[in-house]
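Q: Before I ask anything, here is the structure I am working with.
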Amino acid sequence: MRKHVALLLILFPMCGHLLNLKFYNDPYKYTWADAEAFCRENHTDLVRVRTAEENTALQYSGWIGLSRKDATSPWKWSRGGEITIFTQWDGGAPKNDENCVNRKSDGKWESKKCDEKINFLCYEEELILVKENKTWEEALGHCRSLDGVVTEDPASSYWNHRHDLVTLITPNDYTTAQKTAQEATTDEVGQFSACICVGERLIIVLIVTLFVSLCLLLAGVDRPV
C-alpha cells in the first residue's frame, strides 16, 4: 500500500521564470556578517543569485550572500554553503584580499572587505499548508506542475521546473517547516507525512513528519544542529 502525504507549498510572487522570492533592500548599513545575521533573523537569508536573469531582476545594490574564507577558497553562498557557478564580476574583481561580494547598481559584482558597512539584500520565503493527500510521486508531480515549465532553460528537464520538492538546509528551515506542519488537523497527525514544494531547484528531498520529527530520504545525511 502506498502512503499518502499532506502537501506543503512554498509559494512566492512570480517574476517571469525567475526564482519566486521576495527581495528586500534594507536601508541599514552593516558588515557582511551582521547583514547575514539580520537577514536570517528578519527574513530568510542574504540574497543568492544563480543566473543572469535573476541578477538582472534584482535591481538593487548591496551585500549579497556570496563570500569565501580566503583567496584560495571557493566562493560559497550563505544559505547552505553552496559553491557558486554563476558570477557577474566587474573588471578587476575579485581582489585577493577581499572576501565578500557587493552587487553594484549596474548589476556587476565587486569584492569588498567583509568588515565594510554597506547596504545589503535579503530575500524571504513563505510556507503555506495545502491539505491534500498525495503519494510522494503525486506530490512531486504537483510541485513540478505549478506555473508550468521553464522552456527557456537549456538544462535538462529535471531542472526546468519553477517549483520542486524543497531543500531544507539550515536549522531555521527545519523550524519553519515544523511550525507549518503543525497546522494540520489533529486527526491527520500520524497518518501521513508532509511534503514541501519550493520555488527553487531540487537539491535534497526531505520529508517532514507531523510528529515534528524530520526524516531525510537520502541515506547517511544528518539533520543540522
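In mature numbering (1 follows the signal peptide of the UniProt record, and there is no 0), the protein residues as written are -18 to -1, 1 to 207.
Glycine included, each C-beta is placed from N, C-alpha and C at the ideal position.
#1: The beta strand (DSSP E) with W14 in it runs from where to where?
#2: When you compare each of L122, E106, N84 to R50 by their alpha carbons, which one comes out closest?
#3: I'd like to know if the stretch 40 to 60 and the stretch 8 to 28 are in contact, where contact means that at least 3 CB-CB pairs between them fall below 8 Å.
#4: Just curious, the alpha helix (DSSP H) that S43 is in, first and last residue?
#5: Label E92 either buried or exposed according to how many other C-beta atoms from any shown protein chain fall within 10 Å of its C-beta, with 16 as the threshold for buried.
#6: Determine which residues share a DSSP beta bridge with E120 and list them.
#7: Label K116 either buried or exposed according to how many other C-beta atoms from any shown protein chain fall within 10 Å of its C-beta, with 16 as the threshold for buried.
#8: Could you give the DSSP three-state label for E80: helix, strand or coil?
#9: Name the two residues that bound the continuous beta strand (DSSP E) containing F68.
#10: Note down, in chain order, each residue of its chain lying with its Cβ closer than 6 Å to the Cβ of W71, except the 5 sequence neighbours on either side.
#11: Could you tell me which residues DSSP puts in a beta bridge with E36?
#12: Are the CB atoms of P76 and I65 within a distance shorter than 8 Å?
#13: Hey, how far is the Cα of W45 from the Cα of R32?
#14: Considering just the uninterrupted stretch of the beta strand (DSSP E) at C104, what are its terminal residues?
#15: Can you round the beta-carbon distance between C96 and C82 to whole angstroms, since I take them to be within the 8 Å contact cut?
#16: What is the DSSP secondary structure of R85, counted as helix, strand or coil?
#17: When the Cα of Y6 is compared with those of R126, T13, E106, T157, which residue comes out closest?
A: With the structure as the only source:
#1: As a working mapping, residue 14 is identified with position 32 in the sequence shown. First-last for W14: 14 to 24, but that is the alpha helix (DSSP H), not the beta strand (DSSP E).
#2: Working through the sequence shown from its first residue, we reach residue 50 at position 68. Ranking L122, E106, N84 by Cα distance to R50 puts N84 first.
#3: yes
#4: One-based indexing of the sequence shown puts residue 43 at position 61. Per DSSP, S43 belongs to no alpha helix (DSSP H) and is neither H nor E.
#5: Residue numbering aside, residue 92 sits at position 110 when the sequence shown is read from its first letter. Within 10 angstroms of the beta-carbon of E92 lie 16 or more other beta-carbons, which makes it buried.
#6: As a working mapping, residue 120 is identified with position 138 in the sequence shown. As far as DSSP is concerned, E120 takes part in no beta bridge.
#7: Numbered from its first residue, the sequence shown carries residue 116 at position 134. The residue in question, K116, is buried, as its Cβ has 16 or more Cβ neighbours within 10 Å.
#8: Taking the first residue of the sequence shown as position 1, residue 80 is located at position 98. DSSP places E80 in coil when its eight states are reduced to three.
#9: Translated into positions along the sequence shown, residue 68 becomes position 86. Premise fails: F68 is in no beta strand (DSSP E) and is neither H nor E.
#10: By one-based count along the sequence shown, residue 71 stands at place 89. The residues are W91.
#11: Numbered from its first residue, the sequence shown carries residue 36 at position 54. According to DSSP, E36 shares a beta bridge with no other residue.
#12: As a first step, residue 65 is located in the sequence shown; it is residue number 83 there, counting from the start. As a first step, residue 76 is located in the sequence shown; it is residue number 94 there, counting from the start. Not closer than 8 Å, so no.
#13: Taking the first residue of the sequence shown as position 1, residue 45 is located at position 63. Taking the first residue of the sequence shown as position 1, residue 32 is located at position 50. Computed Cα separation, rounded: 15 Å.
#14: Here residue 104 corresponds to residue number 122 of the sequence shown, with the count starting at 1. Counting along the chain, the beta strand (DSSP E) containing C104 begins and ends at 100 to 106.
#15: Within the sequence shown, the letter at position 114 stands for residue 96. Within the sequence shown, the letter at position 100 stands for residue 82. The pair is a contact, with the Cβ atoms about 4 Å apart (cut-off 8 Å).
#16: For the purposes of this step, residue 85 is identified with residue 103 of the sequence shown, where counting begins at 1. Here R85 sits in strand by DSSP.
#17: The residue you call residue 6 lines up with position 24 of the sequence shown. Considering only alpha carbons, the answer is E106.
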